[in-house]
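Okay, so the sequence shown: first residue is 231 according to the working numbering, each after it adds one. For each residue, glycine too, the CB sits at the ideal point set by N, CA and C. Contents: one structure, followed by commentary.
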Amino acid sequence: MTATIYVTGNFKGGVGKSTTAQMLSYESAMKKKRKTLLIDLDPQGNASEVMELTSENITGTEVSFKDGDTIWEGMTTHKDLTKVIYPVAENLDIIPANIKFSAYPQYIIGKLQNTTEQLKYFADFIDPLKELYDAIYIDVPPTISVFSDAAMYVADWVILILQTQVKSLRGGQDYIDYMRFFKKKHQAKLDVLGIVPFMVQKRDSVDIEVYDMAKELYPDHLISTVVLNNGRLKRYDGDGITETLTKMGHVNKKDAQTHQIFLDILNELDENEEALGE
231 MTATIYVTGN FKGGVGKSTT AQMLSYESAM KKKRKTLLID LDPQGNASEV MELTSENITG
291 TEVSFKDGDT IWEGMTTHKD LTKVIYPVAE NLDIIPANIK FSAYPQYIIG KLQNTTEQLK
351 YFADFIDPLK ELYDAIYIDV PPTISVFSDA AMYVADWVIL ILQTQVKSLR GGQDYIDYMR
411 FFKKKHQAKL DVLGIVPFMV QKRDSVDIEV YDMAKELYPD HLISTVVLNN GRLKRYDGDG
471 ITETLTKMGH VNKKDAQTHQ IFLDILNELD ENEEALGE
């Protein structure tokens, strides 16, 4: 078992990056039955909070990942990230983050002056995890930072998130340009696996125009499944991911539809990975 590592990216916030990392890791574990790890590299810890709630929904037991040892303690105290892995559900684990991780840039710069050495230092913590999982998803802040650089360095693939707004399209283009620069500078292995479109308004002329521009710019990478404005995803941010059962024992329709969207996206990404890996 050697994990494939995916990072979700865009240099604009609020486009669905964390949501995609959370949902794809969930579908990977629960539907594909892959041993999956979600690593939260964002000091805001939003993904960690959602996964806390998701775990409570599944197990019925209250948990608190962010109040325990997190990636910060794993890297600075334990020197071992396996010490800060928390189970979310069957086949799904998380390494959480909280605000303490905002000290990491200062910590690593004080420890190592050379940028490549800083990246290799982080990679040395990730390497042992690759033997424990089939898939590792990394959520990062939407900026060029020590966090996003570290994720790029260890990732095999970038899953770019594109909201159908002009700023998001520019942020996506900037991300790809920076990725190419970073890849050449540090001999990183990552490449774009797919571009996941989030459409704000299905019938809005600007959304349609931006989506059409994305199709022209990235015809080989744009995922055909579009994530439309989805109230269920907003609920998951506050309540955790759910698959609520009806009295008849079926998954609630809105839950089922939302999960199917991301399962379809995951299937397309799998197809891309198989094709690009040939």
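- Annotated three-state conformation of Ala251 is helix, per DSSP.
- DSSP, reduced to helix, strand and coil, places Ala486 within a helical segment of the structure shown.
- Here Asp469 has Leu283, Asn287 as same chain residues with Cβ atoms under 8 Å from its own Cβ, once five neighbours each way along the sequence are excluded.
- When C-alpha distances from Phe492 are compared across Lys313, Gly243, Ser255, Val237, the shortest belongs to Ser255.
- A straight-line Cα-Cα distance of about 30 Å links Val436 and Ile471.
- Collapsing the DSSP output to three states places Thr234 in a strand.
- One Cα belongs to Glu257, the other to His489, and the distance between them is close to 7 Å.
- The beta carbons of Gly424 and Asn502 sit closer together than 7 Å.
- Inside the region 326-399, DSSP marks whole alpha helix (DSSP H) runs of 4 or more residues at positions 334-341, 345-356, 376-384, from first to last along the chain.
- For Asp437, the enclosing alpha helix (DSSP H) has its first and last residue at 435-447.
- Just measuring C-alpha positions, the residue of Asp386, Asp485, Val440, Thr312 sitting nearest Leu420 is Asp386.
- Three or more beta-carbon pairs drawn from the region 322-331 and the region 289-307 are found closer than 8 Å, and the two stretches are therefore classed as touching.
- With 16 or more other CB atoms across the displayed protein chains lying within 10 angstroms of its CB, Met260 is buried.
- Judged by beta-carbon spacing, Ile495 lies within the 7 Å limit of Val426, meaning their Cβ atoms are closer than that value.
- Contact annotation: the region 242-254 does not touch the region 375-386, with fewer than three C-beta pairs closer than 8 Å.
- A straight line joining the alpha-carbon of Met305 with that of Phe428 spans about 34 Å.
- In the structure shown, Thr266 adopts extended strand secondary structure according to DSSP, grouped into three states.
- The Cβ atoms of Gly275 and Lys247 lie no closer than 7 Å to each other.
- When secondary structure is reduced to three states using DSSP, Ala319 falls in the strand class.
- For the set Met478, Leu506, Glu473, Thr394, the Cα lying nearest the Cα of Ser285 is the one of Glu473.
- In the pairwise beta carbon analysis, the region 363-371 is classified as touching the region 264-273: at least three pairs are separated by under 8 Å.
- Residue pairing by DSSP places Leu420 in no beta bridge whatsoever.
- In the DSSP assignment, Asn287 falls within the unbroken alpha helix (DSSP H) covering 276-289.
- Taking 7 Å as the cut-off, the Cβ atoms of Arg462 and Lys477 do not count as close.
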